[in-house]
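Asks: As you go down the protein sequences, you meet chains V and E in turn.
Per the numbering used here, residue 271 is the first one in the first sequence, and the count goes up by one each step.
Per the numbering used here, residue -15 is the first one in the second sequence, and the count goes up by one each step.
By construction, the Cβ of each residue, glycine as well, lies at the ideal position given by its N, Cα and C atoms.
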Amino acid sequence: MDLAVILSILDATIRLSTPLLLACLAGMYSERAGLFDIGLEGKMLAAAFAAGAVAAISGSAWLGLMAGMVVSLGTSLLQGVAAISLKGNQLIAGVAINMLAAGMTTFLGQTWFHQGGRTPPLGEGGRFETITLPFANELAGVPILGPIYADLISGHYILVYIAFIMVAVTWFVLFRTRFGLRLRAVGENPKAVDTAGISVVKLRYQAVIITGLLCGLAGAYFSIAQGSGFGNNMTAGKGYIALAALIFAKWKPVPAMFTCLLFGFLDALQIRLQSAELFGIEVPVQAIQALPYVLTVVLLAGFIGKAVGPKAGGVPYTKER
Amino acid sequence: MNPQRPETAAASAPANGWAIELEKINKRFGAVHANKDIDLKVQRGTIHGIVGENGAGKSTLMSILYGFYTADSGTIRVNGTQHAITDSRHALALGIGMVHQHFMLVDNFSVLENIVLGAEDSGFIKPSLDRARKELDRLEAEYDLEVDPDAIIEDISVGQQQRVEILKALYRGAETLILDEPTGVLTPKEADDLFRVLRTLREQGKTVILITHKLREIMAITDSVSVMRQGEMVATLETAATSPEEIAELMVGRRVLLQVDKGPANPGKTLLEVQNLVVADDMGVTRVKDVSFSVRAGEIIGIAGVSGNGQSELLESISGMRDQQAGNVLLNGQPLSLEGDDGAARARAAGLAHVPEDRQRMGLVTTFSEWENAILGYQDSPEYGAGALLDIGAAKQAAANHIKLFDVRPANIGLKTSLFSGGNQQKIVLAREMERDPDVLVIGQPTRGVDIGAIEFIHKEIIKMRDEGKAILLVSVELDEIRSLADRILVMFDGVIVGEADPATATEGELGLMMAGINNKTAPRGLGIAEQGPLP
């Protein structure tokens, strides 16, 4: 394999990791606050639809992005009300969000656009353009480092850069700020937070809001950056893979980034291998497409070791006895 | 600061003033009236005890003072000024700190992170952590409360975790410190250290409110004591002018025998014999090292020792819950096969009943109803139904019988066992094990977390079994309990029986030395404890 092939696989890795990473970081906030979030998938799907629909109508990617974030935030708050204020079962609240999103996006898509649940293809301006970083073209000629900078690091959508910047931001927020300290504490022992005179409910809602906004970015990436318009079940289980990555990374930002890159790499490899032959026999496309999912299961089951999540995860906080 | 209200500052106030004044506090939880018109005054710079049985409303009252619950009615004055304490933050701002019975610490945080949590100076935690580190040095020196600021909570001992809780309160500027059952989880040594710290706090002018149900502690350390019973405040007394008997009577509402009333033992043949037992814990560490002893019919053998010296593993092994590495257990002269998952069932079938140390984790399924728990472990017994079917009628009949014989309250066989008080839960377990008429009864911590009235009852039942000719093996970390119940005391230290003592003649000091592993004249020769050396 020459450098160009490697770079193209790695380039695809970054593109395919981005929504996973955004969703994974989104989940980190709510899970660190003690709220199991199996609803990442649903929030992303809802955001992808809203972003696609608004971008198609308005012709503006930025308006689409905002719509995606607003819808994801609303969905997240709905889940939050069920799990925090009404003290419902968090798993069921999340599953309900996923089912709601799957049904509503197709239904509204068909009702509004009559294209079998798809949103109309996006024209100029409706979709995010890739960004060429400064001096990318000038440095492209430099051996090895030049192509790496110009092809791998430069030339991505703005959401890609936001996702990777968010890794550092999340690390800093969680481990260096008062908010992060309290957020981590509330996921471990909410009673300790309560007796310290801090509102558990308020903290958890704050976490849910951040989760909603980040899921909005992740969802919008599918329909108005990577893709051009929304298609049925566009997120294809990526929310669950992001959740798996979160567990695999033991709820830590930097390991989460590497895990998402690994899953993205498997996906990139899968695309590359689709026409591959093994011992002279053409491997069925379906088998190769299933590869990332199979490896997800293997990784989670075999290599994860003991993943101990936030102790108070999944338990609604009740103060009075 | 609000100006002091003149009438409260002047009227009948002691020289150093009232730190806390509660008036007509009421609190209901649904149908339960947990606090009824409670009045309480706590003098500044003193240690004030609050005693009462479990469920008397002590913790509720203190949680109201700390702002964790809000009172339905009543007034609270702190340093003479009235406040409506709305939440814990407000209480902290008024200088009231609380050390809860179950620590409010984040297990995977460092000591320092736990201390600054909720008391951060700014949005970023670095400056707070730096300041806390300095402040901790000062507090440690001032109150002799040493603890490693960078240690992770789950790695340090329970006694040290408690220090972190105290430091947390002091760091927030607490002038009044409430401690809820602070010694329940401590070893005797740790409890002594705690009392030393509390005395230092008093010397420095802090006020301490100590909630407990242990009369010894009240007598040992408090200046005054308030007694609660069934949600009411029944008396406040000067500790120096009262006696444990008087307090116990106020707590229970009737006269209580603090001393166990028992006749001399009349031992018969050996029923339980343990030979060269070696047992390892879950981590593979050998915790019971070549232990041998025997228990005869009609006698109670008490195993004393600081918790964690192999007693739990010994109990679990004899009762068939934990495999042994070597040695034999003989029941009635017959070797008892205890290996494997059904060891406990075989032990029961052979006539060895077991009351485990931790009733909530091992003695009961707390989400099951009382009648289901009443047959737990005996559910395969023919009297509770043949084949796959359970004779629910017979089980309920047995449960009702247990409740009657052991005076379990409430007398409701359909109630989940988690809803019974600690004492009643213990009675449920004891009734189940004792009513099967076993030859040997093995009991761990019979009265841990049990209130005084129930302790008296449980002790009487144990003596009664002894007098019926049963062999009883008792393990307890309460030295008083061992001394008053046992006919012979074996002291366990580091997995070895280091000595035997006669409860009638052995002093607490002698037993304490043995429990600390220090050689002593009452220790039999050849037990190999001389190399332990004296404690620093």
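What does the alpha-carbon distance come out to for the pair V:Ala433 and V:Ala557?
Replies: 30 angstroms
Asks: Anything in the region 100 to 125 of chain E with a Cβ closer than 8 angstroms to a Cβ of chain V? List those residues in chain order, please.
Replies: Val100, Leu101, Gly102, Ala103, Glu104, Ser106, Gly107, Phe108, Ile109, Lys110, Ser112
Asks: What residue range does the alpha helix (DSSP H) around E:Ile162 cover?
Replies: Counting along the chain, E:Ile162 falls outside any alpha helix (DSSP H), though it belongs to the beta strand (DSSP E) covering 160 to 164.
Asks: When we look at the beta-carbon of E:Thr44 and count the other beta-carbons within 10 Å, is it buried (16 or more) or exposed?
Replies: buried
Asks: Where does E:Gly311 fall in DSSP's three states?
Replies: DSSP places E:Gly311 in strand when its eight states are reduced to three.
Asks: Within 8 angstroms, do at least three Cβ pairs link the region 114 to 123 of chain E to the region 474 to 494 of chain V?
Replies: They do not touch, by the three-pair rule.
Asks: Along the region 71 to 103 of chain E, what residues have a CB closer than 9 angstroms to any CB found in chain V?
Replies: Asp71, Ser72, Arg73, His74, Ala75, Leu76, Ala77, Met82, His84, His86, Phe87, Met88, Leu89, Val90, Asp91, Asn92, Phe93, Glu97, Asn98, Val100, Leu101, Gly102, Ala103
Asks: Roughly how many angstroms lie between the CA atoms of V:Gly350 and E:Thr70, to the nearest whole one?
Replies: 25 angstroms
Asks: Could you give the DSSP three-state label for E:Asn260: helix, strand or coil?
Replies: Under the three-state reduction of DSSP, E:Asn260 is assigned to strand.
Asks: Taking its Cβ as the centre, do 16 or more other Cβ atoms sit within 10 Å of E:Leu471, making it buried, or is it exposed?
Replies: Checking the sequence shown, residue 471 of chain E turns out to be Asp, not Leu. Buried: at least 16 other Cβ atoms inside 10 Å.
Asks: What does the alpha-carbon distance come out to for the pair E:Met267 and E:Gly294?
Replies: 13 angstroms
Asks: Can you give me the C-alpha to C-alpha distance between V:Lys508 and V:Ile279, rounded to a whole angstrom?
Replies: 19 angstroms
Asks: By the criterion of Cβ-Cβ separation under 8 angstroms, what are the contact partners of V:Asn459 in chain E?
Replies: Residues of chain E passing the Cβ test: Met88, Leu89, Val90, Asp91.
Asks: Ignoring anything shorter than 4 residues, give me the alpha helix (DSSP H) runs that lie fully in the region 426 to 482 of chain E, in order along the chain.
Replies: Runs of the alpha helix (DSSP H) inside the region 426 to 482 of chain E: 436 to 451, 463 to 469.
Asks: Does the region 313 to 331 of chain V come into contact with the region 498 to 507 of chain V, if we say contact requires no fewer than three beta-carbon pairs (one atom in each stretch) closer than 8 angstroms?
Replies: Enough Cβ pairs lie closer than 8 angstroms, so yes.
Asks: Measure the C-alpha to C-alpha separation of E:Asp364 and E:Arg330 and round it to an integer number of angstroms.
Replies: 12 angstroms
Asks: Using a beta-carbon distance below 7 angstroms, is V:Ala438 in contact with chain E?
Replies: no
Asks: State the DSSP-derived secondary structure class of E:Ile69, mapped to helix, strand or coil.
Replies: coil
Asks: Can you tell me where the alpha helix (DSSP H) holding E:Asp176 begins and where it ends?
Replies: 172 to 187
Asks: Taking only three categories from DSSP, how would you classify V:Asn502?
Replies: V:Asn502 sits in coil when the DSSP states are folded into three classes, being neither helix nor strand.
Asks: Got a sec, what are the start and stop residues for the alpha helix (DSSP H) E:Leu6 sits in?
Replies: Note, E:Leu6: premise wrong, no alpha helix (DSSP H); beta strand (DSSP E) at 2 to 13.
Asks: Using the three-state DSSP reduction, which class does E:Lys118 fall into: helix, strand or coil?
Replies: helix
Asks: Bridge partners of E:Thr223, per DSSP?
Replies: According to DSSP, E:Thr223 bridges with nothing at all.
Asks: Whose C-beta lies closer than 7 angstroms to the C-beta of V:Gly329 among residues of the same chain, with five residues either side of it excluded?
Replies: Gly393, Gly395, Gly396
Asks: Against chain E, does V:Thr588 count as a neighbour if the rule is that its beta carbon must be under 7 angstroms from one of theirs?
Replies: no
Asks: Using the rule of at least 16 other Cβ atoms within 10 Å of the residue's Cβ for burial, across every protein chain shown, is E:Gly479 buried or exposed?
Replies: The Cβ neighbour count for E:Gly479, taken over all protein chains shown within 10 Å, is at least 16; the residue is labelled buried.
Asks: What span of residues does the beta strand (DSSP E) with V:Phe383 cover, start to end?
Replies: Segment 360 to 383 is the alpha helix (DSSP H) holding V:Phe383; no beta strand (DSSP E) there.
Asks: Starting from E:Asn19, follow the beta strand (DSSP E) in both directions and report where the run begins and ends.
Replies: Bounds of the beta strand (DSSP E) holding E:Asn19 are 16 to 27.
Asks: Along the chain, which unbroken stretches of the alpha helix (DSSP H) at least 4 residues long are found entirely within the region 426 to 487 of chain V?
Replies: 428 to 446, 448 to 458, 460 to 465
Asks: Does V:Ala326 pass the burial test, meaning 16 or more other C-beta atoms within 10 Å, or should it be called exposed?
Replies: buried
Asks: Please tell me whether V:Ala466 has its Cβ less than 7 angstroms away from any Cβ of chain E.
Replies: yes
Asks: How would you label E:Pro(-10), buried or exposed, when you count the other beta carbons within 10 angstroms and need 16 or more for buried?
Replies: With a pLDDT of 38 at E:Pro(-10), under the threshold of 50, the modelled position of that residue is not reliable, and the figure given next carries that caveat. Per the 10 Å Cβ criterion, exposed.
Asks: Ends of the beta strand (DSSP E) at E:Gly33?
Replies: 31 to 35
Asks: Who are E:Phe108's beta bridge partners in DSSP?
Replies: V:Thr447
Asks: State the Cα-Cα distance for the pair E:Leu161 and V:Lys581, rounded to the nearest angstrom.
Replies: Between E:Leu161 and V:Lys581, the C-alpha separation is close to 28 angstroms.
Asks: If you draw a straight line from the C-alpha of E:Lys505 to the C-alpha of E:Gln85, how long is it?
Replies: Annotation note: pLDDT 45 at E:Lys505 (below 50); position unreliable, no value reported.
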